[in-house]
Amino acid sequence: MVLSIYDTFSRKPSEISSREGIVTMYCCGPTVYRDAHVGNLRTFLLSDLIARTIRLSGLSVEMIQNITDVGHMSDDFQEDKMLEQSKKEKIDPFEIARKYEDRFHHDLANLNIIAAQKYPRASESIELMHEMISELIQKGAAYVGEDKCVYFDAQSFAGYGQISGNRLDALKPGHRYEYVEDGAKKFHADWALWKAAGDRKEMIWDSPWGPGFPGWHIECSAMSLKFLHGHVNVHVGGIDLRFPHHENERAQSNSITGVESVDLWVHGEHLLFEGRKMSKSAGNVVLLDDVITKGFDPLSLRLCFLENRYRSQMDLSWQSISAAHETIKRWRSKVAGWGVVKNSDVDPAVLAYLENDLDTPRVITYLRALEKDAGASDVQKANAFAYADQVLGLDLTRAPEVRELPSDLKNLLKEREAARSAKNWARSDELRAALESAGLEISDSASGQSWSWR
Ligand code: AMP
Ligand code: ZN
Numbered sequence: 026m027v028l029s030i031y032d033t034f035s036r037k038p039s040e041i042s043s044r045e046g047i048v049t050m051y052c053c054g055p056t057v058y059r060d061a062h063v064g065n066l067r068t069f070l071l072s073d074l075i076a077r078t079i080r081l082s083g084l085s086v087e088m089i090q091n092i093t094d095v096g097h098m099s100d101d102f103q104e105d106k107m108l109e110q111s112k113k114e115k116i117d118p119f120e121i122a123r124k125y126e127d128r129f130h131h132d133l134a135n136l137n138i139i140a141a142q143k144y145p146r147a148s149e150s151i152e153l154m155h156e157m158i159s160e161l162i163q164k165g166a167a168y169v170g171e172d173k174c175v176y177f178d179a180q181s182f183a184g185y186g187q188i189s190g191n192r193l194d195a196l197k198p199g200h201r202y203e204y205v206e207d208g209a210k211k212f213h214a215d216w217a218l219w220k221a222a223g224d225r226k227e228m229i230w231d232s233p234w235g236p237g238f239p240g241w242h243i244e245c246s247a248m249s250l251k252f253l254h255g256h257v258n259v260h261v262g263g264i265d266l267r268f269p270h271h272e273n274e275r276a277q278s279n280s281i282t283g284v285e286s287v288d289l290w291v292h293g294e295h296l297l298f299e300g301r302k303m304s305k306s307a308g309n310v311v312l313l314d315d316v317i318t319k320g321f322d323p324l325s326l327r328l329c330f331l332e333n334r335y336r337s338q339m340d341l342s343w344q345s346i347s348a349a350h351e352t353i354k355r356w357r358s359k360v361a362g363w364g365v366v367k368n369s370d371v372d373p374a375v376l377a378y379l380e381n382d383l384d385t386p387r388v389i390t391y392l393r394a395l396e397k398d399a400g401a402s403d404v405q406k407a408n409a410f411a412y413a414d415q416v417l418g419l420d421l422t423r424a425p426e427v428r429e430l431p432s433d434l435k436n437l438l439k440e441r442e443a444a445r446s447a448k449n450w451a452r453s454d455e456l457r458a459a460l461e462s463a464g465l466e467i468s469d470s471a472s473g474q475s476w477s478w479r
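Under the numbering used here, read the sequence shown as residues 26 to 479, first letter to last.
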């Protein structure tokens, strides 16, 4: 079998392409005006899942993920998200960018995401964008408006709309799919590659067309083609980016290269939290730090996502995170008991599930069945878990934590045992609460109380 992933463009599973054994991958990165929420992390984990599966199937990966720190306008199209946040926090916009960029890298490390080769920043790629915009003007795909903004001429690109199915002739004027509504565009579906500074005083650069700042879409064309040698084998992003972001990126990149610049467009579906879209106004935005603060292993989030197919919308809850936390704890202790495997052999079932459009739920079901299979040997089980973990990234071969119980907690446990013998249930409950808040998990049975670290 060969690795196939669903391609949004051709609307069918497609084989991964490569050159000389190397797959070039581009994943749309975060806009660093706030912490990434667990939904954003689902999309970033999708690119890690793809990269790990490509490596498992014997190819190498060269991956780039951009940092958007300028040009991404807020939903009401009034202001750059970076400048809006800079006003709120009363901090320089570049300081805001570095702060949230650091937190983004911290989240990736906590999620065991293998780092990309490079995380280029939009604000440091301005020259690159100027070069690309100049070339687009030369080729007749872009024009300078009377307002000193540079626009992409959507009608110059015959295949516009083929990723999302939004045909140019069906796009209505006035539809707010692009933030520049009133500029000097010639056609309503054109978009800005370079915006004139106007009243804006911060985050502006000189350019051949006067001072200004770049549009959001051009950064991904410029960085992907520059850092991936002019061709992208796999392009990853959340489903919301299909239109207009990726449609516009494709038009720009193909107008430069003259060929199809991306072989495979992969889109991850969105994450809901407890049945609802995450939003500030609904007050249900969950961060990875919230998961850690509640005492859960951050990799529990990884397992929750892997239990769902990347192309299905999924609902996350505290209950599912807690269950995943318990599963990982149990698996680590079982794997340690089965015996450590240094170089695992290929498990054909795991590989086949993954190569079939990343069917991770099947892999998890297979492992759960194997765990309980009395007919399978410990070596077989240890091998399958270690092999799958190269892609699952749950750190299953990590030795379970052995933590000495401090003497004050030992005393509380003894005291609780005495309270239970004396049938003093109120005191026993009080002591349970104290022990749990110190990080212990207590269970009672006919043979007495037992404990473990959470
Ligand atoms: P942003 O930082 O807003 O530019 O988004 C970063 C990435 O997260 C993009 O690929 C989005 O498509 C993706 N994304 C945004 N919201 C969600 C969500 N609720 N679930 C999954 N991915 C999302
Ligand atoms: Zn992008």
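Just so it is clear, CB atoms sit at the ideal spot from N, CA and C, and this is done for glycine as well.
Pick from the options that is closest to residue i, judged by C-alpha positions
i, options, result
"Y73", "D60, H62, V63, M88", "The displayed chain sequence assigns Asp, not Tyr, to residue 73. Per the Cα distances, M88."
"H213", "N258, L341, D194, D454", "D194"
"L161", "G320, Q344, D420, S280", "S280"
"I317", "I158, R123, H131, R36", "H131"
"R428", "N449, A411, R479, S402", "R479"
"W241", "M228, N258, H254, L218", "L218"
"V63", "G184, A451, R387, L297", "L297"
"W343", "P269, S82, P323", "P323"
"T49", "D215, V259, S246, H155", "V259"
"A409", "W450, I158, V360", "V360"
"F182", "F129, E285, G96, S462", "E285"
"H155", "S325, E244, A471", "E244"
"S278", "H270, I229, L250, R267", "L250"
"R387", "A399, A374, E396, G283", "A374"
"N91", "M303, K124, C52", "C52"
Per DSSP, the bridge partner or partners of residue i
i, result
"I92", "R146"
"R239", "The sequence shown places Pro at residue 239, rather than the Arg named in the question. Partner(s): W219."
"R301", "F298"
"G473", "S470"
Reduced DSSP secondary structure (H/G/I, E/B, other) of residue i
i, result
"L218", "strand"
"Y204", "Because the pLDDT of Y204 is 49, which lies under 50, any placement of that residue in the model is unreliable, and the question is left without a value."
"D384", "coil"
"Q110", "helix"
"V360", "helix"
"Y125", "helix"
"V63", "helix"
"D315", "helix"
"V375", "helix"
"N258", "strand"
"W478", "strand"
"A424", "coil"
"M98", "strand"
"P38", "strand"
"C329", "helix"
"E87", "strand"
Exposure label - residue i; buried when at least 16 CB within 10 Å
i, result
"L430", "exposed"
"T56", "buried"
"R327", "buried"
"I116", "exposed"
"M248", "buried"
"H254", "exposed"
"S368", "Inspection of the sequence shows that residue 368 is occupied by Asn rather than by Ser. Classification for N368: exposed."
"W290", "buried"
"I139", "exposed"
"G364", "exposed"
C-alpha gap between residue i and residue j, whole angstroms
i, j, result
"S29", "I41", "6 Å"
"K143", "W356", "33 Å"
"F330", "I264", "16 Å"
"S477", "L465", "6 Å"
"K173", "G235", "7 Å"
"Y204", "M98", "With a pLDDT of only 49 at Y204, under the threshold of 50, the placement of this residue in the model should not be trusted, and no figure is reported."
"G320", "M107", "32 Å"
"V257", "E272", "15 Å"
"E351", "S358", "11 Å"
"G208", "T390", "54 Å"
"I47", "N333", "28 Å"
"Y202", "A349", "The predicted model places Y202 with a pLDDT of 48, which falls under 50 and marks its position as unreliable; any figure quoted below should be read in that light. Going from the Cα of Y202 to the Cα of A349 covers about 39 Å."
"T93", "P239", "11 Å"
"L437", "S475", "13 Å"
"R452", "L313", "35 Å"
"A447", "S462", "24 Å"
"A76", "R67", "14 Å"
"E104", "E294", "27 Å"
"G186", "S148", "28 Å"
"L136", "S325", "9 Å"
"G96", "E152", "15 Å"
"L383", "G418", "14 Å"
Beta carbon proximity, residue i to chain C, threshold 8 Å
i, result
"V48", "You won't find chain C in this structure, because it holds only one protein chain."
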